[in-house]
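Residue numbers (the numbering used here), protein chains in the order written: chain A, 1 to 93; chain B, 94 to 186; chain C, 187 to 279; chain D, 280 to 372.
4 protein chains.
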Amino acid sequence: MAHLIRDKKKLLNRLARIKGQINAIERAIEQGEDSCEPVLQRIAACRGAMNGLMAQVIEGHVRSHLLDPHTKPTSHQAEAAQELLDVIHTYLK
Amino acid sequence: MAHLIRDKKKLLNRLARIKGQINAIERAIEQGEDSCEPVLQRIAACRGAMNGLMAQVIEGHVRSHLLDPHTKPTSHQAEAAQELLDVIHTYLK
Amino acid sequence: MAHLIRDKKKLLNRLARIKGQINAIERAIEQGEDSCEPVLQRIAACRGAMNGLMAQVIEGHVRSHLLDPHTKPTSHQAEAAQELLDVIHTYLK
Amino acid sequence: MAHLIRDKKKLLNRLARIKGQINAIERAIEQGEDSCEPVLQRIAACRGAMNGLMAQVIEGHVRSHLLDPHTKPTSHQAEAAQELLDVIHTYLK
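Here it is, written out as structure tokens:
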């Protein structure tokens, strides 16, 4: 779990933003806002923020758990990890 | 906004579940949980719940705003709406 | 099907590009290319192209079938259609 | 590239199915099929097939390049790889 501890502050900041977005959606629905466009946009934004959170947790997972944290990765492994993370970022944009 | 008001209770229930999931992720990170698997799984579950919320808001949006709420849709329009929603559900699973 | 006919040329161009990408992936795998990075990137690009195709077919579907093609949509309906398509584009980027 | 070679037959089979789907979409559009529902469904199916292809290439990439192919992975690394692949499968369903 090294990476969840190391990245704790950044992850909690991401979660705080996501909670703010969820609360804004909730308020809009509770108050019967008169247009659903802002709700649609906020849900889309919140999904983007969730994807960013997932990308960061996956990056930490790959670098701390798949690569052996006690051995320097070979350059081949380091490159393969970067290629994987690049693809994952494309899918989690 | 007819649909956000009509579906208010269901939407708030979905949001409450999403908030519960976000809080569980936050707790896991704050407490320095010793495995990141539960965090990965909870983020994936939360994304699924967000997708379900989006699908429901889109469905209401299509039925209340794209179709003319003051005129019964033609059977062609009703069918086209259902086809669209079926595809959107496939993408938001 | 008005829109599939009207947009035929654009849609076939999109399909031709997708086929070119699939063929490039196939060649890379048949030839035993010595790195999988280009394959990962081409699959990601191909998925992007498929999403663009889907977005265009959905846009035609919404404008030609959900809105009544024989009646000018109200400004409310036209706006609701645009809002829906904006959200769909966000998800299909 | 060991994995692209080892999985060559499976990957080419997946690509052949994807090409069949693309060709069916192309034919439907060229012939001016009178409903866009089959086109919507085929594009969705094709995206699913592309996601399956991506999941398989990523799995090979992780197992052959991120884990050191010359050293047996520790049980911790093997477990971490499986957790990552499980999450990726959830997103690529």
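Each residue gets a CB set at the ideal place from its N, CA and C atoms; glycine is no exception.
Are the Cβ atoms of L268(D) and V341(D) separated by less than 8 Å? With chain D running from 280 to 372 in the structure shown, residue 268(D) is simply not present.
At least one CB of chain C closer than 8 Å to the CB of G311(D): is that the case? yes
Any beta carbon from chain B within less than 8 Å of A323(D)'s own beta carbon? Interface flag for A323(D) against chain B is set, since a Cβ pair is found closer than 8 Å.
Given a limit of 8 Å on CB to CB distance, which residues of the region 54-66 of chain A reach chain B? M54, V57, I58, G60, H61 and H65
Range covered by the alpha helix (DSSP H) that runs through L104(B): Boundaries of the alpha helix (DSSP H) around L104(B): K101 to E123.
Do we get a CB-CB distance below 8 Å when we pair V366(D) with the residues of chain B? For V366(D), the nearest beta carbon of chain B is closer than 8 Å to its own beta carbon.
Selected residue, minimal CA-CA separation from L97(B), among E79(A), V39(A), S64(A) and H70(A): V39(A)
Residue range of the unbroken alpha helix (DSSP H) whose run includes R233(C): E223 to H247 is the span of the alpha helix (DSSP H), which, as asked, contains R233(C).
Please name the residue, chosen from H163(B), K103(B), Q134(B) and L146(B), that lies closest to H368(D) on a Cα-to-Cα basis. Q134(B)
K72(A) at chain B interface by Cβ criterion, 8 Å: no
Collapsed DSSP secondary structure at D161(B) in the structure displayed: coil
Is there contact here, the region 260-267 of chain C with the region 154-172 of chain B, by at least three beta-carbon pairs under 8 Å? yes
Specify the secondary structure class of M1(A) as computed by DSSP and reduced to three states. Bear in mind that a pLDDT of 48 at M1(A), under 50, signals an unreliable position, so the number given afterwards is only what the model happens to contain. Three-state DSSP puts M1(A) in coil, outside helix and strand.
Mind checking if L185(B) is an interface residue toward chain D, Cβ cutoff 8 Å exclusive? no
Hey, A334(D) and L290(D) are a contact pair by Cβ (cut 8 Å); roughly how many whole angstroms apart? No, A334(D) and L290(D) are not in contact; Cβ-Cβ is about 11 Å, not under 8 Å.
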